[in-house]
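As structure tokens, the structure follows; a few thoughts come after it.
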Amino acid sequence: MNIKIITVGKLKEKYLKEGIAEYTKRLGSYCKLQIIEVGDEKAPENLSDKEMELIKDKEGEKILAKIPEQSYVFAMAIQGKQYDSVEFANEIDKLGTAGKSDIVFIIGGSLGLSQAVLSRANQHISFGKLTYPHQLMRLVLVEQIYRAFRIIHGHAYHK
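Sequential numbering of the sequence shown, starting at 487, is according to my numbering.
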């Protein structure tokens, strides 16, 4: 299975890079994981709604350019469907069984995702109603993908 995480902005924090590197290494026996960063747009404080939409649209164009046509796309969105870890694993397993071996997860920038990206997604998913920094969300997502593969393969990890 090929999994891509397309995310807006560069990861700067060493501790997050180290955590993501650890889970990426662990995932090596289950899937090919690729993280693709697209540049974020400058977003000064006090933007109008129109300015926010323009920034999301520019970031969205960069995201959409990185999604292979045949990919099944999950957009991380606070209003998306919430899964528990077993349900999330079952969803990934179902996709693999259905022959959908290219999966893309999208994490937007600080303003969220454009309507075009949300429309392209096959599913909107959420890891809860809490707001996470998008850099931290990368680590949380990679860990949950790892947890899903451990569950799928019946390996000890999930509690």
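Even for Gly, the Cβ is constructed at its ideal location relative to N, Cα and C.
- Item | Distance between R624 and T493 (C-alpha atoms, nearest Å) | 8 Å
- From V572 to F635, what distance separates their C-alpha atoms? 10 Å
- Item | Alpha-carbon to alpha-carbon, A607 and I549 | 11 Å
- Where do the N-terminal and C-terminal ends of the beta strand (DSSP E) with M562 fall, by residue? Y558 to Q568
- Message: Going by DSSP in three states, D526 sits in which element: helix, strand or coil?
- Response: coil
- Message: Could you tell me the alpha carbon to alpha carbon distance between I592 and G582, rounded to whole angstroms?
- Response: 19 Å
- Query: Where E616 and E555 are concerned, what is the direct C-alpha to C-alpha distance, given to the nearest angstrom?
  - Reply: Looking at the sequence shown, residue 616 is not Glu but Leu. Their Cα atoms are separated by approximately 31 Å.
- Message: Considering only DSSP beta bridges, list what L519 is partnered with.
- Response: I489
- Which residue comes first and which comes last in the beta strand (DSSP E) that contains F635? First-last for F635: H620 to I638, but that is the alpha helix (DSSP H), not the beta strand (DSSP E).
- Taking the C-alpha atoms as reference points, what is the distance between S605 and K544? 15 Å
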